[in-house]
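There are 2 protein chains.
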Amino acid sequence: MNFPSKLIENAVDELAKLPGIGRKTALRLVLHLLKEETTETQSLSAALVKMREDITYCKNCHNISDTEICNICANPLRDRSLVCVVSDIRDVIAIENTGQYKGLYHVLGGVISPIEGIGPSDLTIGSLVERLTDAEVKEVLLAISPTMEGDTTAFYITRKLRDFKVRITTIARGVPVGGELEYTDEITLGRSIIERTSYSK
Amino acid sequence: MNFPSKLIENAVDELAKLPGIGRKTALRLVLHLLKEETTETQSLSAALVKMREDITYCKNCHNISDTEICNICANPLRDRSLVCVVSDIRDVIAIENTGQYKGLYHVLGGVISPIEGIGPSDLTIGSLVERLTDAEVKEVLLAISPTMEGDTTAFYITRKLRDFKVRITTIARGVPVGGELEYTDEITLGRSIIERTSYSK
Numbered sequence: 001m002n003f004p005s006k007l008i009e010n011a012v013d014e015l016a017k018l019p020g021i022g023r024k025t026a027l028r029l030v031l032h033l034l035k036e037e038t039t040e041t042q043s044l045s046a047a048l049v050k051m052r053e054d055i056t057y058c059k060n061c062h063n064i065s066d067t068e069i070c071n072i073c074a075n076p077l078r079d080r081s082l083v084c085v086v087s088d089i090r091d092v093i094a095i096e097n098t099g100q101y102k103g104l105y106h107v108l109g110g111v112i113s114p115i116e117g118i119g120p121s122d123l124t125i126g127s128l129v130e131r132l133t134d135a136e137v138k139e140v141l142l143a144i145s146p147t148m149e150g151d152t153t154a155f156y157i158t159r160k161l162r163d164f165k166v167r168i169t170t171i172a173r174g175v176p177v178g179g180e181l182e183y184t185d186e187i188t189l190g191r192s193i194i195e196r197t198s199y200s201k
Numbered sequence: 001m002n003f004p005s006k007l008i009e010n011a012v013d014e015l016a017k018l019p020g021i022g023r024k025t026a027l028r029l030v031l032h033l034l035k036e037e038t039t040e041t042q043s044l045s046a047a048l049v050k051m052r053e054d055i056t057y058c059k060n061c062h063n064i065s066d067t068e069i070c071n072i073c074a075n076p077l078r079d080r081s082l083v084c085v086v087s088d089i090r091d092v093i094a095i096e097n098t099g100q101y102k103g104l105y106h107v108l109g110g111v112i113s114p115i116e117g118i119g120p121s122d123l124t125i126g127s128l129v130e131r132l133t134d135a136e137v138k139e140v141l142l143a144i145s146p147t148m149e150g151d152t153t154a155f156y157i158t159r160k161l162r163d164f165k166v167r168i169t170t171i172a173r174g175v176p177v178g179g180e181l182e183y184t185d186e187i188t189l190g191r192s193i194i195e196r197t198s199y200s201k
């Protein structure tokens, strides 16, 4: 694709580095910005740079935060005896949006993946172990996606936490609410039968 | 969706203003930028702002340009007797990429659309008429999408150009190369028969 302007070409090249955005989409975004006021582009750019430059991570749980200790860790109403271990900040947002969880979090920053060269030392597992020396924590809830890498990571963490007197739990696997039995894969359906719960619940 | 950080929220809000980008996609882009170096975000933002602030339009054809007269208008090898009228800069890029066109362009900046409140005076039709007073132009090729608005615009332009001694042509309508007759709509197929061309061509 040839562009009539170097400025356009640079902007398209930069946008096309983002995941899921090809050069055609990038061009569409650039032409959209050209139609809008200059201030629109300026405020977009400023928001991105400010976000990237000023962002900090919570010292305690490694969640994204504007302050040294994040809102969740600093909240006195949260249950400090329960720590939910997730791989990503997106998972924190997803769980928070359910409104069902009142404990704290621990963001690993990924999962163990030999293919991508991510080992246990690249994650915040050491910092999780440190948090557990604090006697307050009674339960660690592993909320890691049930992929091969996720299961490896969960297994590694349970091994690391063996010597601590904490209960280790994992989120329930089963048929999704609204899901059709017929279309549920066999492993999920099998686990949903083995881990069946009493109806009164 | 609640975000753990105001900075993230602002960046997501700004990105979600772009067409085709919702809040989930915006969050994915933001988390991608957080994983990359700060310089990546800085150069993206700088490219966007520089593009928006410094962009100019060619005085002659209204194409995007880094200079007062665009590369195409300034190129002595282009055929100055032929002007291709398109609605959008994207069309210029598409036609240039075919490598089949050696004339000049005229970018209208849209099509006449009463629903969107775009009238003929919002387009660069006046400037097109001015260009035709220059006796060099012998042919005006209308390359406007065959939608209702596009056809209205083409009709309006042909009326405006009635008094000029220029040939007015339009791009050929027909079955796309590689297209199946069976799946071509009736109007296109009908026109492709009426406007049939000799085989030797």
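Chains X and Z, in that order, give the protein sequences. In case it helps, full-length UniProt numbering puts the first sequence at residues 1 to 201. In case it helps, full-length UniProt numbering puts the second sequence at residues 1 to 201. All C-beta atoms, glycine included, are put in the ideal place defined by N, C-alpha and C.
Residue-chain proximity (residue 155 of chain Z, chain X), Cβ-Cβ < 8 Å: Residue numbering aside, residue 155 of chain Z sits at position 155 when the second sequence is read from its first letter. By this cut-off, residue 155 of chain Z is not an interface position.
Residue from X/136, X/185 and X/14 whose Cα sits closest to the Cα of residue 41 of chain Z: Start at 1 with the first residue of the second sequence, and residue 41 of chain Z comes out as number 41. When only C-alpha atoms are compared, the closest one is X/14.
Residue 84 of chain X - DSSP class collapsed to helix/strand/coil: Stepping through the first sequence from its first residue, residue 84 of chain X is reached at position 84. The answer is strand: DSSP assigns residue 84 of chain X an E or B state.
Member of Z/109, Z/151 and Z/113 whose CA lies at the smallest distance from the CA of residue 127 of chain Z: Numbered from its first residue, the second sequence carries residue 127 of chain Z at position 127. Measuring from the Cα of residue 127 of chain Z, the nearest candidate turns out to be Z/109.
Straight-line gap, residue 19 of chain Z to residue 78 of chain X (C-alpha atoms, nearest Å): Counted from its first residue, the second sequence places residue 19 of chain Z at position 19. Counted from its first residue, the first sequence places residue 78 of chain X at position 78. Whole-angstrom Cα-Cα distance: 38 Å.
Beta strand (DSSP E) runs wholly inside the stretch 87 to 128 of chain Z, at least 3 long, in chain order: 103 to 107
Counterpart residues of residue 192 of chain X in DSSP-defined beta bridges: In the first sequence, residue 192 of chain X corresponds to position 192, counting from 1. Answer is none; residue 192 of chain X lacks a bridge partner.
8 Å Cβ cutoff, residue 41 of chain Z in contact with chain X: As a working note, residue 41 of chain Z is residue 41 in the second sequence. Closer than 8 Å: yes.
Any chain X beta carbon closer than 8 Å to residue 23 of chain Z: For the purposes of this step, residue 23 of chain Z is taken as the residue at position 23 of the second sequence. No, because no Cβ of chain X sits closer than 8 Å to the Cβ of residue 23 of chain Z.
Residue 139 of chain X - DSSP class collapsed to helix/strand/coil: By 1-based counting over the first sequence, the position of residue 139 of chain X is 139. Here residue 139 of chain X sits in strand by DSSP.
Span of the beta strand (DSSP E), counted from its first residue to its last, around residue 170 of chain Z: Along the second sequence, read from residue 1 onward, the residue named residue 170 of chain Z stands at position 170. Residue 170 of chain Z -> beta strand (DSSP E) spans 167 to 170.
Beta-carbon proximity list for residue 158 of chain X, same chain, < 8 Å, skipping 5 on both sides: Your numbering for residue 158 of chain X matches position 158 in the first sequence. Same-chain partners within the cutoff: 142 and 168.
Distance, residue 73 of chain X Cα to residue 84 of chain X Cα: Counting from one through the first sequence, the residue named residue 84 of chain X turns up at place 84. Counting from one through the first sequence, the residue named residue 73 of chain X turns up at place 73. Near 12 Å, if we compare the C-alpha coordinates of residue 73 of chain X and residue 84 of chain X.
Per-residue contacts from residue 96 of chain Z into chain X (C-beta, under 7 Å): Here residue 96 of chain Z refers to the residue found at position 96 when the second sequence is read from its first residue. Simply 2.
Length of the line joining the Cα atoms of residue 45 of chain Z and residue 43 of chain X: For the purposes of this step, residue 45 of chain Z is identified with residue 45 of the second sequence, where counting begins at 1. For the purposes of this step, residue 43 of chain X is identified with residue 43 of the first sequence, where counting begins at 1. Between residue 45 of chain Z and residue 43 of chain X, the C-alpha separation is close to 10 Å.
Local conformation of residue 183 of chain X per DSSP, three classes: The residue labelled residue 183 of chain X in the question sits at position 183 within the first sequence. Here residue 183 of chain X sits in helix by DSSP.
Residue 134 of chain X - DSSP class collapsed to helix/strand/coil: The residue given as residue 134 of chain X occupies position 134 in the first sequence. Coil.
Amino acids of chain X, ordered along the chain, whose beta-carbon sits closer than 8 Å to that of residue 65 of chain Z: Here residue 65 of chain Z corresponds to residue number 65 of the second sequence, with the count starting at 1. Going along chain X in sequence order, the residues near residue 65 of chain Z (Cβ under 8 Å) are 4 and 5.
Endpoints, the alpha helix (DSSP H) within which residue 23 of chain Z is located: Indexing the second sequence from 1 puts residue 23 of chain Z at position 23. 23 to 35 is the span of the alpha helix (DSSP H), which, as asked, contains residue 23 of chain Z.
Residue 147 of chain Z versus residue 154 of chain Z - alpha carbon distance: Residue 147 of chain Z sits at position 147 when you count from the first residue of the second sequence. Residue 154 of chain Z sits at position 154 when you count from the first residue of the second sequence. Cα-Cα distance, rounded: 10 Å.
CB contact check: residue 191 of chain Z to chain X, cutoff 8 Å: Position 191 of the second sequence, counted from the first residue, corresponds to residue 191 of chain Z. Output row for residue 191 of chain Z: interface = no.
Stretch-stretch touch, CB-based, cutoff 8 Å, three pairs: the stretch 49 to 61 of chain X with the stretch 59 to 68 of chain Z: no
Chain-ordered chain Z contacts of residue 38 of chain X [CB-CB under 8 Å]: As a first step, residue 38 of chain X is located in the first sequence; it is residue number 38 there, counting from the start. Neighbours of residue 38 of chain X on chain Z, chain order: 52 and 53.
Chain Z contact for residue 108 of chain X (CB, 8 Å cutoff): On the first sequence, position 108 is the one that residue 108 of chain X refers to. Not closer than 8 Å to any Cβ of chain Z, the Cβ of residue 108 of chain X fails to qualify, so no.
Under 7 Å by beta carbon: chain Z residues contacting residue 215 of chain X: Any property of residue 215 of chain X remains undetermined from this structure, which presents chain X solely from 1 to 201.
C-beta neighbour in chain Z for residue 73 of chain X, strict 8 Å: Locating residue 73 of chain X in the first sequence gives position 73, counting from the first residue. No - not a single Cβ of chain Z is within 8 Å of the one on residue 73 of chain X.
Residue 43 of chain Z: first and last residue of the uninterrupted alpha helix (DSSP H) it sits in: Residue 43 of chain Z sits at position 43 when you count from the first residue of the second sequence. That run of the alpha helix (DSSP H) goes 38 to 54.
Beta-carbon spacing of residue 87 of chain X, residue 144 of chain X below 8 Å: On the first sequence, position 87 is the one that residue 87 of chain X refers to. On the first sequence, position 144 is the one that residue 144 of chain X refers to. Taking 8 Å as the Cβ cut-off, residue 87 of chain X and residue 144 of chain X qualify as a contacting pair.
Opposing strand residues paired with residue 65 of chain Z [DSSP bridges]: Residue 65 of chain Z sits at position 65 when you count from the first residue of the second sequence. Z/56, per the DSSP bridge assignment.
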